[in-house]
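Straight run, no breaks: the sequence shown in my numbering ends on number 451. Every residue, glycine too, gets a C-beta built ideally from N, C-alpha and C. Quick notes on the structure that follows.
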Amino acid sequence: MLDATTRSGGTATATPQAAATELTAADPVVGTEIAVAAPAVLTAARTGLPARFLRALVSPWSRLSLLVVLLAAAGSSVLLLDPQRLLADGWPPQLGGAAAAVAFAAAYGMCTVAFVPRPLLNLAAGALFGSQLGLGTALVGTVLGAGVAFGLGRILGQDALRPLLRARWLKAADGQLSRHGFRSMMVARLFPGVPFWAANYCAAVSRMGWLPFLVATALGSIPNTAAYAVAGARASAPTSPAFLIAMAFIAVPALAGTAVAWRKRHHLRGH
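Next up, the structure:
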């Protein structure tokens, strides 16, 4: 009754629902019991070991572990590749023009995800491409790296880290980024006090939106990036007015950011 012979002579096993229908016609009591038990059997199969393994694989802590592994691998690769050699050896000669600018912007973004300091990359951009093109490639790389870091933190780390925001100053920082994301990120980019990577992942854990984050990053990074690009382009003439002005634009925002952070420190403590 449970097997049906195909036209080719093979045997096809009937589904539990079909078997229950046939048994209901033959024996109403037995058929009804099978009809009731079949959905429970299917549900148990769906919630068995494979389903539990899949839930564990996509759980918040599993995704956070994957993020840590990716960042550790990126940091290790940067240590092996040693991008600081660009300042001494220059760009590979086989790349030139627009291709070199695109490749540098992509490498810049990936290096920022791997915790390479942006000032070093901005100096390299100015030294390799000059003030104007160096500024453009550095800004594209900045937004690219910030977007990648924000996406990784939002997808892989937010669900696991948000329940840990119990300290008073962590709640205050999260509330500031969540309610005033654009303004807070503009301040973080204009006044270099918070490391670039730290601002990216803090914003990702908060409830800040993608668009305010990227726009604030692009606009707020212009002054500091331009100063470093000019300094890198004029590094061969450290006594030139352009180099000295660029260094002043680097120092003044840093000092101003330190002063503002010192005066506003009580907000982060929740007072």
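Per-residue DSSP class, three states only, for residue i
| i | result |
| --- | --- |
| arginine 243 | helix |
| valine 258 | helix |
| alanine 431 | helix |
| alanine 253 | helix |
| threonine 419 | coil |
| methionine 388 | coil |
| valine 328 | helix |
| arginine 298 | helix |
| arginine 414 | coil |
| valine 320 | helix |
| glycine 306 | helix |
| serine 364 | helix |
| leucine 357 | helix |
Closest Cα partner of residue i within the set the options
| i | options | result |
| --- | --- | --- |
| glycine 389 | Ala281, Ala378, His360 and Ala398 | His360 |
| tyrosine 288 | Leu424, Ala318, Phe429 and Leu341 | Ala318 |
| leucine 399 | Arg414, Gly316 and Leu250 | Gly316 |
| alanine 368 | Ser401, Asp354, Leu391 and Ser416 | Ser401 |
| alanine 286 | Gly325, Gly277 and Arg414 | Gly325 |
| phenylalanine 309 | Arg298, Ala409 and Pro299 | Ala409 |
| alanine 280 | Phe429, Phe423, Leu300 and Leu313 | Leu313 |
| leucine 260 | Val296, Arg243 and Ser239 | Val296 |
| proline 392 | Val385, Ala340, Trp377 and Met366 | Met366 |
| alanine 340 | Pro418, Arg298, Trp377 and Tyr381 | Tyr381 |
| arginine 387 | Ala428, Leu247, Leu435 and Gly331 | Gly331 |
| arginine 362 | Ala406, Ala383 and Ala378 | Here residue 362 turns out to be phenylalanine, not arginine, going by the sequence shown. The residue with the shortest Cα to Cα distance from phenylalanine 362 is Ala383. |
| alanine 329 | Lys351, Pro375, Asp354 and Asn404 | Pro375 |
| isoleucine 335 | Val385, Ile430, Leu424 and Phe423 | Val385 |
| phenylalanine 371 | Pro403, Leu424, Ser245 and Leu246 | Pro403 |
| glycine 373 | Ala434, Ser358, Arg243 and Pro421 | Ala434 |
| phenylalanine 423 | Leu247, Ser311 and Ser256 | Ser311 |
| leucine 244 | Ser256, Gly333, Ala352 and Leu350 | Gly333 |
Residue i classed as buried or exposed, judged by whether at least 16 other C-beta atoms fall within 10 angstroms
| i | result |
| --- | --- |
| alanine 426 | buried |
| leucine 344 | exposed |
| glycine 337 | buried |
| serine 364 | buried |
| tryptophan 241 | exposed |
| glycine 277 | exposed |
| alanine 428 | exposed |
| alanine 407 | buried |
| arginine 298 | buried |
| alanine 378 | exposed |
| alanine 431 | exposed |
Beta-carbon proximity of residue i to residue j, cut-off 8 Å
| i | j | result |
| --- | --- | --- |
| glycine 327 | leucine 394 | yes |
| threonine 397 | valine 323 | yes |
| valine 293 | alanine 254 | yes |
| alanine 283 | glycine 412 | no |
| valine 258 | cysteine 291 | yes |
| valine 307 | alanine 415 | Sequence inspection shows alanine at residue 307; the valine mentioned does not correspond to that position. Result yes, Cβ atoms of alanine 307 and alanine 415 sit closer than 8 Å. |
| asparagine 302 | threonine 405 | yes |
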